[in-house]
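These notes are about the structure you will find just below.
In my numbering, the protein residues as written are 14 to 240.
Structure follows, in structure tokens:
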């Protein structure tokens, strides 16, 4: 049957309808979880089909986002993994304003196994960690957790993309103009693996952040995918 046939289009429509139904069924759950755990809890449903505004339901206010907000770097990595993505459970991150957040992100799949979104639970454990450190100090025991990576949470995907690009450049430890062609391709390959280019308009934004032309950015991206 030729590509784009009515049967194929009907299958895509059915898959989308199923995915929409799963999101609709989970939407009331976010309020119930937050009501159970209290004000230090935030629950988010992400729709990976719209990465620039992936937040479709949210309760609580740990990361300061609202409906229509964007995914974080963690969400973009899951997006890049596609149907191979797995749950990320009990990990620590730190927000830009210093909150220590314990999170679990569980991917959403339809009956065909297609990953199309995620349910994320975020707990602000800043006060708990401070109390842990205080009690540990009184007891003469170190109670400082390992350094948690800073994660960009926000309603604007551009801030998240800029953060990913900046972090990647810091690891390179050299400005763009000092990178060899192989290093530049490696940088673009890493950004591609993190799901950056799945976001609409990302190529132009990355080009602007790196100070290169849009055409150059497309050439480097094409080179990474060819290699």
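Ideal placement from N, C-alpha and C gives every residue a C-beta, glycine not left out.
The structure displayed is predicted, hence computed values, not measured ones.
Buried or exposed, going by whether 16 or more other CB atoms sit within 10 Å of the CB of residue i?
| i | result |
| --- | --- |
| residue 197 | buried |
| residue 49 | exposed |
| residue 187 | exposed |
| residue 25 | exposed |
| residue 130 | buried |
Reducing DSSP to helix, strand and coil, say where residue i ends up.
| i | result |
| --- | --- |
| residue 98 | coil |
| residue 112 | coil |
| residue 89 | helix |
| residue 181 | helix |
| residue 80 | coil |
| residue 125 | coil |
| residue 232 | helix |
| residue 176 | helix |
I'd like the span of the beta strand (DSSP E) that includes residue i, first residue to last.
| i | result |
| --- | --- |
| residue 210 | No beta strand (DSSP E) holds residue 210; DSSP gives it neither H nor E. |
Specify, as a first and last residue, the run of the alpha helix (DSSP H) that residue i falls within.
| i | result |
| --- | --- |
| residue 137 | No alpha helix (DSSP H) holds residue 137; the beta strand (DSSP E) holding it covers 128 to 137. |
| residue 223 | 215 to 223 |
| residue 200 | 194 to 206 |
Could you tell me which of the options sits nearest to residue i, measuring between CA atoms?
| i | options | result |
| --- | --- | --- |
| residue 211 | 58, 63, 26 and 30 | 63 |
| residue 119 | 85, 102 and 52 | 102 |
| residue 61 | 85, 108 and 78 | 85 |
| residue 225 | 190, 100, 235 and 176 | 190 |
| residue 65 | 79, 227 and 230 | 79 |
| residue 194 | 204, 218 and 233 | 233 |
Query raised in the report: Considering only residues of the stretch 29 to 70, which uninterrupted beta strand (DSSP E) runs meet the minimum length of 3 residues and lie entirely inside it, listed in chain order?
Result: 54 to 60
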